[in-house]
Amino acid sequence: MDQNAIIYGCKQGQEKAFKALVDQYAPKLMAVCNRYLKDTDLAKDALQESLISIFKSISTYSGTGSFDGWMTKITVRACLREIRNRRQLHDLSIVDQQEVNGYDHPLHFDIEDIVKIISELPELQRIIFNMHVVEGFSHAEISTLLNIAESSSRVYLTRARKWLQETIEKSNKRNHLIINSKT
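Residue numbers (this note's numbering): 795 to 977.
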């Protein structure tokens, strides 16, 4: 079933169309859930909630803009609700702005290494990094969804980038030392 047939069928309440939506899009949406929730069971719960929300609100999808992007935003919101239920993000404070220094060393990482490093970020930094860098949310949208100041979103993103940069640099130096000691 193509995307338009899936959308039309879901709007008509067809179970076959919803099954096709799940079969076609669940793996991608699960990847989104895994970026936000370290626990696989929580990620599966968020995926299920997002699929239910997608099905219930598909009649509001106007056809303008990316269907993938529309579903991803619903999925991110489901993940944030799951995090709020588990960790209570409402107790956030404003943090001071920090600057990020440039990085000009060659990197020796594959994508799995980068994903693992991102997953090790402190929770709020990981969430904001994923929302802004991976999903493309603006700081204004992040501010609204997380109920924090827009400037706090920027600061947490800056801290996440700095932490990632330092972690990658340390790891790269260790790898460089190991390679040089073997030669």
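The C-beta atom is built at its ideal place from N, Cα and C for all residues, glycine as well.
If you're wondering where the values come from, they're calculated on a predicted model, not measured in any experiment.
Check your understanding: Between the segment 862 to 877 and the segment 952 to 959, do three or more beta carbon pairs fall short of 8 Å?
Key -> no
**Study point:** C-alpha gap between Y819 and G859, whole angstroms
**Key:** By 1-based counting over the sequence shown, the position of residue 819 is 25. By 1-based counting over the sequence shown, the position of residue 859 is 65. Near 17 Å, if we compare the C-alpha coordinates of G859 and Y819.
Exercise for review: Under 8 Å Cβ to Cβ from I922, same chain only, skipping five residues before and after it: list those, please.
Suggested key: If you number the sequence shown from 1, residue 922 lands on position 128. For I922, where only same-chain residues beyond five positions count, the Cβ hits under 8 Å are I936, L940, S947, Y950, L951 and A954.
Practice item. Give the secondary structure of L883 by DSSP, where H, G and I count as helix, E and B as strand, and everything else as coil. Key: What you label residue 883 is simply residue 89 of the sequence shown in a count that begins at 1. Unreliable placement is indicated for L883, whose pLDDT of 42 sits below 50; the coordinate value is still reported in the next sentence. Under the three-state reduction of DSSP output, L883 falls in the coil class, being neither helix nor strand.
Point to revise | Member of T834, F861 and E963 whose CA lies at the smallest distance from the CA of Y802 | key: As a first step, residue 802 must be located in the sequence shown, where it is residue number 8. Looking at the Cα atoms, F861 is the closest of the given residues.
**Study point:** Contact check, K805 vs I848, beta carbons under 8 Å
**Key:** Locating residue 805 in the sequence shown gives position 11, where the first residue counts as 1. Locating residue 848 in the sequence shown gives position 54, where the first residue counts as 1. In this structure, I848 does not lie closer than 8 Å to K805 by Cβ.
Check your understanding: Mapping DSSP to helix, strand and coil, what is N895?
Key -> Indexing the sequence shown from 1 puts residue 895 at position 101. The pLDDT assigned to N895 is 37, lower than 50, so where the model puts this residue is not dependable; a value taken from the coordinates is nonetheless given after this. N895 falls in the coil class under three-state DSSP.
Exercise for review: Please classify D885: is it buried, with 16 or more other beta-carbons within 10 angstroms of its beta-carbon, or exposed?
Suggested key: Within the sequence shown, the letter at position 91 stands for residue 885. Note on D885: pLDDT 39, under 50, position unreliable in the model; the coordinate value appears next. With fewer than 16 other Cβ atoms inside 10 Å of its own Cβ, D885 counts as exposed.
Practice item. May I ask which residues mark the beginning and end of the alpha helix (DSSP H) holding T834? Key: To locate residue 834, count along the sequence shown from 1; it is residue 40. Unbroken alpha helix (DSSP H) run through T834: T834 to S851.
Practice item. Can you give me the Cβ contacts of F931 inside the same chain, cut-off strictly under 6 Å, excluding the 5 residues immediately before and after it? Key: Sequence index remark: in the sequence shown, residue 931 carries index 137 (1-based). Within its own chain, the residues whose Cβ lies closer than 6 Å to the Cβ of F931, once the five positions on either side in sequence are excluded, are M925, listed in chain order.
Review point. Start and end of the alpha helix (DSSP H) containing E917?
Key: Within the sequence shown, the letter at position 123 stands for residue 917. E917 to F923 is the extent of the alpha helix (DSSP H) around E917.
Check your understanding: Do you know how far the Cα of L915 is from the Cα of S959?
Key -> Counted from its first residue, the sequence shown places residue 959 at position 165. Counted from its first residue, the sequence shown places residue 915 at position 121. Going by the sequence as given, residue 959 is Gln instead of Ser. Roughly 11 Å separates the two Cα atoms.
Exercise for review: Ignoring anything shorter than 4 residues or poking outside the segment 922 to 968, list the alpha helix (DSSP H) runs there in chain order.
Suggested key: 933 to 940
Point to revise | Rounded straight-line distance, which links the Cα of E929 to that of K813 | key: Here residue 813 corresponds to residue number 19 of the sequence shown, with the count starting at 1. Here residue 929 corresponds to residue number 135 of the sequence shown, with the count starting at 1. The alpha-carbon atoms of K813 and E929 are separated by roughly 25 Å.
Practice item. For L918, collect the residues of the same chain with a Cβ closer than 6 Å to its Cβ; drop the 5 residues on either side in sequence, then sort them by chain order. Key: Working through the sequence shown from its first residue, we reach residue 918 at position 124. Around L918: Y950.
**Study point:** Whether L836 touches L823 by CB criterion (8 Å)
**Key:** Numbered from its first residue, the sequence shown carries residue 836 at position 42. Numbered from its first residue, the sequence shown carries residue 823 at position 29. Result no, Cβ atoms of L836 and L823 do not sit closer than 8 Å.
Review point. Should E876 and L831 be called a contact, given that it needs their Cβ atoms to be closer than 8 Å?
Key: One-based indexing of the sequence shown puts residue 876 at position 82. One-based indexing of the sequence shown puts residue 831 at position 37. At a Cβ-Cβ threshold of 8 Å, E876 and L831 count as neighbours.
Practice item. State the start and end residues of the unbroken alpha helix (DSSP H) segment that holds E809. Key: Stepping through the sequence shown from its first residue, residue 809 is reached at position 15. First-last of the alpha helix (DSSP H) with E809: E809 to Y830.
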